[in-house]
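Enquirer: Protein chains in written order, with full-length UniProt numbering: chain A, 1 to 325; chain B, 1 to 325.
Protein chains: 2
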Amino acid sequence: MATLKDVAKETGLAVSTVSRVLNSRGYISEETKKSVYDAMKKLNYQPNEVARSLSKQTTNTIGVIVPHIKHPYFAELISHIEAAANHRNYKILLFNSRDRDEKEKEILDMCNRNRVAGIILCSGTVEMNKFEGIHVPLITIERNLEMGTAAVECDNLKGGRMAARHLIEKGCTNLAVISGVRGNYMPADDREIGFMEVCKECGITYQAFKTNEVQYNMGEYHELIEEVLTQNKEVDGIFASSDLIAAQVLQVCSRLKISVPKDLKVVGFDDVLVSSITTPTITTIHQPIKEMAQMAISMLVDASKDKMVASKTTLPVSLVEREST
Amino acid sequence: MATLKDVAKETGLAVSTVSRVLNSRGYISEETKKSVYDAMKKLNYQPNEVARSLSKQTTNTIGVIVPHIKHPYFAELISHIEAAANHRNYKILLFNSRDRDEKEKEILDMCNRNRVAGIILCSGTVEMNKFEGIHVPLITIERNLEMGTAAVECDNLKGGRMAARHLIEKGCTNLAVISGVRGNYMPADDREIGFMEVCKECGITYQAFKTNEVQYNMGEYHELIEEVLTQNKEVDGIFASSDLIAAQVLQVCSRLKISVPKDLKVVGFDDVLVSSITTPTITTIHQPIKEMAQMAISMLVDASKDKMVASKTTLPVSLVEREST
């Protein structure tokens, strides 16, 4: 690989002069600059970012930690985080924690050792005390963390309210909500709370069912859904707290010969790819994943420059009506 | 953040002694080692990987380039690459090329500047000459690249053959294949070739339809599928070259009141999440994504140590029968 010395040799200039051009230090004539850039191009010289990072004591790398890369929600979130980071000239180091405590601790140590500029932590359930010893901005997405720099969320409460109101407007009179249960309180828990608020306000019968962590980690909810549908035949509207759960509700309905949306209406949450490739397609609450990713990156960059950032930011959601209602 | 000096101060040892413990250089008594490790733990000292990388002239970072992070196939592939890399103590820098030439060139330069240990390039269509100036192992997954170090593929030809044979065994007599078209030859093109071989061998009527790059980049094939199904009502079996296309075939069938699998049987390719969350679920060709990811990482590590690696490795596929046939 071409080095600074090779560029100097090619141009006939001193190494220190070439270095000054690269770092835009001091006065350099346009002619000299041009000859350096030409030589760099000719030799395909790539400045050593590792050396630069060491002298700057930081990198332009962001650690991104998600519990499950292949979960459709996280896949979409990562995609938008990468795009937003790239736009600001940052790169992402991606880590899958699989929701295991020791794994997250290990990842955070690795982020420290690699002097990342900041960390974006998505969802997950790791104990808070594991996050001691982080000296860079820590932005959370859809997760509460006392020592985080800033939290970015969507309006989960309003999303739950929208889902309930939509099902009621569509004529449902007996509702059920299927959502996750966690040791710690998670922002997503507000989806169920908002849903139940509206049911109470409208005097509509409702029941709440909880998925467990094993089901979440496996992405497998069929058994629970079948139990809910066979034991509660009066239910005519379901709010699932993710599109993945909603897609599985559709599958169980097909097996049980329950016609969607005629006999049962279904609303999901997230608005990721899953909701538009099922049959029928899924009415869902759109989470502004792209904007949340952009906001998280922008806050991380600001915080790393010691600018003040909002400690909590909530972005709006909207209802996307499709075939399942 | 605690430094080497802080550890030295805590233990009362010289900085050079602490450094020797960290780098396992020369004789150090067990007692001294223990006191250094205790102090490191107490102070939460994290060695500076950036400094280490500079002195070693390489990092333990792997650049991973995919065309579309959120595509279900790539999301699953990335997940397995991360796991395999982590297992070997490597981290991944993830890049989304969105199949744009300039973007891939930019990413490769960035990998060079950051002194990655190697690059894994997944699918994509970038011109080969863009890859000059790469001085580290370059492993491709499902992609042909003349100057790549090693290529990992699944047995696409056999997968196509399996799909055709399965549809014929299920009683189909009029087949169609829907697959991607590319400027360059891609390993995935063999799926269609294998499919057509079997149709010819068995004397079965078949037609081949091509998706275009815009459809691939958008993940949107409904219009093409509707055209195929309305203009070829005699077709009773479809092989789609990805589960994403197969899922959309199911949606169009539902709209056109074509019953799957009664009137039309559908086989996909990949065996990613999509194939098991649709209604009906999709019979598909299982691509050993996990093993392909592990193989790619293992080859990259070997090649970076100047061990010889196979220039091309093809892993076996299998048929997963579900409800769509």
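Even for Gly, the Cβ is constructed at its ideal location relative to N, Cα and C.
These figures come from a predicted structure and were not determined experimentally.
Express the C-alpha separation of residue 241 of chain B and residue 224 of chain A in angstroms, rounding to a whole number.
Expert: Spanning the two alpha carbons is a distance of roughly 33 Å.
Enquirer: Could you tell me which whole beta strand (DSSP E) segments of length 3 or greater appear in the stretch 76-159 of chain A?
Expert: Listed in chain order, the complete beta strand (DSSP E) runs (minimum 3 residues) inside the stretch 76-159 of chain A are 91-96, 118-122, 138-141, 150-154.
Enquirer: Which residues mark the beginning and the end of the beta strand (DSSP E) in which residue 270 of chain B is found?
Expert: Here the beta strand (DSSP E) through residue 270 of chain B covers 265-270.
Enquirer: Do residue 230 of chain A and residue 205 of chain A have their CB atoms nearer than 9 Å?
Expert: Their beta carbons are not under 9 Å apart, which means residue 230 of chain A does not touch residue 205 of chain A by this criterion.
Enquirer: So is residue 308 of chain B buried or exposed if we call it buried at 16+ other beta carbons inside 10 Å?
Expert: Looking at its Cβ environment, which holds fewer than 16 other Cβ atoms inside 10 Å, residue 308 of chain B is exposed.
Enquirer: Please report the distance separating the alpha-carbon of residue 30 of chain B from that of residue 8 of chain B.
Expert: Roughly 16 Å separates the two Cα atoms.
Enquirer: Got a sec: is the Cβ-Cβ distance from residue 54 of chain B to anything in chain A below 9 Å?
Expert: Residue 54 of chain B counts as touching chain A.
Enquirer: Among A:294, A:20, A:247, A:298, which has the Cα closest to the Cα of residue 322 of chain A?
Expert: Ranking A:294, A:20, A:247, A:298 by Cα distance to residue 322 of chain A puts A:247 first.
Enquirer: Alpha carbon to alpha carbon, how far is residue 170 of chain B from residue 193 of chain B? Give it in angstroms, no decimals.
Expert: Going from the Cα of residue 193 of chain B to the Cα of residue 170 of chain B covers about 20 Å.
Enquirer: For a quick check, are the C-beta atoms of residue 24 of chain A and residue 4 of chain A less than 9 Å apart?
Expert: It is not a contact, given that the beta carbons lie outside the stated cut-off.
Enquirer: If you count every other CB in all the chains shown that lies within 10 Å of the CB of residue 57 of chain B, and 16 or more means buried, which is it?
Expert: Exposed, since its Cβ has fewer than 16 Cβ neighbours within 10 Å.
Enquirer: Look at the Cβ atom of residue 143 of chain A, then the Cβ atom of residue 217 of chain A, and state whether they are nearer than 9 Å.
Expert: No, the pair does not count as a contact, with Cβ atoms beyond the cut-off.
Enquirer: Just verifying my parser: in three-state terms, what is the DSSP assignment at residue 163 of chain A?
Expert: Helix at residue 163 of chain A.
Enquirer: For residue 95 of chain B, which residues in chain A fall below 8 Å Cβ to Cβ?
Expert: Near residue 95 of chain B (Cβ distances below 8 Å), the residues of chain A are 82, 86, 91.
Enquirer: Would you mind sorting residue 150 of chain A into buried or exposed? The rule is 16 or more other CB atoms within 10 Å of its CB.
Expert: Buried, since its Cβ has 16 or more Cβ neighbours within 10 Å.
Enquirer: Can you list, in chain order, the residues of its chain with a C-beta nearer than 6 Å to that of residue 198 of chain B? Leave out the 5 residues immediately preceding and following it.
Expert: If we look at residue 198 of chain B and ignore the five residues flanking it on each side, its Cβ neighbours are 161, 164, 165.
Enquirer: Using a beta-carbon distance below 9 Å, is residue 287 of chain A in contact with chain B?
Expert: Answer no: the Cβ-Cβ gap between residue 287 of chain A and chain B never drops below 9 Å.
Enquirer: With DSSP as the reference, label residue 215 of chain A as helix, strand or coil.
Expert: Here residue 215 of chain A sits in helix by DSSP.
Enquirer: With distance defined between alpha-carbon atoms, name the residue in B:55, B:234, B:40, B:72 nearest to residue 289 of chain B.
Expert: Nearest of B:55, B:234, B:40, B:72 to residue 289 of chain B, Cα basis: B:72.
Enquirer: What is the residue span of the beta strand (DSSP E) that residue 249 of chain B lies within?
Expert: It is not in any beta strand (DSSP E) - residue 249 of chain B instead sits in the alpha helix (DSSP H) that spans 243-255.
Enquirer: Output yes if chain B places a C-beta closer than 9 Å to the C-beta of residue 48 of chain A; else output no.
Expert: So, interface residue.
Enquirer: From this set, A:68, A:257, A:281, which residue's C-alpha is nearest residue 268 of chain A's C-alpha?
Expert: Selected option, being the one with the closest Cα: A:281.
Enquirer: Once the 5 residues before and after residue 74 of chain B are set aside, which same chain residues still bring their CB inside 6 Å of it?
Expert: Counting only Cβ-Cβ distances below 6 Å, and skipping sequence neighbours, we find 66, 68.
Enquirer: Tell me, please, which residues DSSP counts as bridged to residue 179 of chain A.
Expert: DSSP lists A:210 as partners of residue 179 of chain A.
Enquirer: Please tell me whether residue 46 of chain B and residue 110 of chain B are closer than 9 Å, where the distance is taken between their beta carbons.
Expert: Against a cut-off of 9 Å, the Cβ pair of residue 110 of chain B and residue 46 of chain B comes out as no contact.
Enquirer: Is the beta carbon of residue 251 of chain B less than 9 Å from the beta carbon of residue 277 of chain A?
Expert: Cβ atoms of residue 251 of chain B and residue 277 of chain A: closer than 9 Å.
Enquirer: Hey, residue 43 of chain B and residue 70 of chain A are a contact pair by Cβ (cut 8 Å); roughly how many whole angstroms apart?
Expert: Rounded, the Cβ-Cβ distance is 37 Å, inconsistent with contact.
Enquirer: Have a look at A:261, A:221, A:226 and flag the residue whose alpha-carbon is nearest the alpha-carbon of residue 236 of chain A.
Expert: Ranking the options by Cα distance to residue 236 of chain A, first place goes to A:261.
Enquirer: Please check the pair residue 168 of chain A and residue 202 of chain A, which I expect to be a contact at CB under 8 Å, by giving their CB distance rounded to whole angstroms.
Expert: With a Cβ gap of about 6 Å, residue 168 of chain A and residue 202 of chain A count as contacting.
Enquirer: Does residue 281 of chain A come out as helix, strand or coil in the three-state DSSP assignment?
Expert: Note: residue 281 of chain A maps to coil in three-state DSSP.
Enquirer: So residue 92 of chain B packs on residue 300 of chain A, CB below 8 Å; how close in whole Å?
Expert: Not really, about 19 Å apart at Cβ, beyond 8 Å.
Enquirer: In chain A, what lies closer than 7 Å to residue 248 of chain B by C-beta?
Expert: 277, listed in chain order.
Enquirer: Please decide whether residue 270 of chain B counts as near chain A, where near means a Cβ-Cβ distance under 9 Å.
Expert: Not closer than 9 Å to any Cβ of chain A, the Cβ of residue 270 of chain B fails to qualify, so no.
Enquirer: In whole angstroms, what separates the C-alpha of residue 350 of chain A from that of residue 37 of chain B?
Expert: Outside the displayed range of chain A (1 to 325) lies residue 350 of chain A, so it cannot be described from this structure.
Enquirer: In its own chain, which residues sit with a C-beta less than 6 Å from the C-beta of residue 64 of chain B, not counting the 5 before and 5 after it?
Expert: Cβ neighbours of residue 64 of chain B beyond the five flanking positions: 81, 92, 94, 120.
Enquirer: DSSP puts residue 312 of chain A in a beta bridge; with which residues?
Expert: The partner list for residue 312 of chain A (beta bridge, DSSP) reads A:151.
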